[in-house]
Amino acid sequence: VDFARPGGCIVLAGMKGFKPIPDFVSDKVVLKELTIKGAIGVTRTGYASAIRLLEKRSHPFEMMHTHDFRLEDAELAIRTLAREVEGEESIHSCLIPEF
Numbered sequence: 008v009d010f011a012r013p014g015g016c017i018v019l020a021g022m023k024g025f026k027p028i029p030d031f032v033s034d035k036v037v038l039k040e041l042t043i044k045g046a047i048g049v050t051r052t053g054y055a056s057a058i059r060l061l062e063k064r065s066h067p068f069e070m071m072h073t074h075d076f077r078l079e080d081a082e083l084a085i086r087t088l089a090r091e092v093e094g095e096e097s098i099h100s101c102l103i104p105e106f
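Structure representation (structure tokens):
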């Protein structure tokens with residue numbers, strides 16, 4: 008919420024095990040006039056299709072992974088994925104705590 012621009016949108020991707028989000032202050036959402044959207048994104052059939060595609064080894068999927076970031080650089084990772092970092096284009100990035 009703190010990193011979202013006023014009037015922006017936050018996407019909650021994936022399930023969180025029906026646990027509350029620690030330190031979530033809903034007043035910040037209201038004051039910044041944010042939109043929150045939930046997205047599951049992948050279905051069981053989607054996973055099955057992806058696995059079959061990977062098993063074929065017909066595409067160089069390793070080229071889609073473009074960046075690794077330290078956990079401390081999470082903001083840079085998000086900005087890179089959002090194409091806010093000049094000269095960088097990210098398709099798939101990972102945050103690696105022990106990097």
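For the sequence shown, my numbering assigns the number 106 to the last residue and increments by one with no breaks.
Even for Gly, the Cβ is constructed at its ideal location relative to N, Cα and C.
For the pair of segments examined, the segment 64 to 78 was found not to touch the segment 36 to 46: the number of CB pairs separated by less than 8 Å stays below three.
In the DSSP assignment, V18 falls outside any alpha helix (DSSP H) and within the unbroken beta strand (DSSP E) covering C16 to A20. In this structure, DSSP gives D9 a state outside helix and strand, which the three-state scheme calls coil. I103 is a Cβ neighbour of D75, given a cutoff of 7 Å. In the structure shown, I85 adopts helical secondary structure according to DSSP, grouped into three states.
Boundaries for S56: no beta strand (DSSP E) harbours it, while the alpha helix (DSSP H) harbouring it runs R51 to K63, taken from the DSSP string. Per the Cβ contact rule, the segment 14 to 26 is not in contact with the segment 50 to 64 (fewer than 3 Cβ pairs under 8 Å).
In the DSSP assignment, K26 falls outside any beta strand (DSSP E) and carries neither an H nor an E. Rounded to the nearest angstrom, the Cβ distance from R86 to F106 is 17 Å, too far for a contact under 8 Å.
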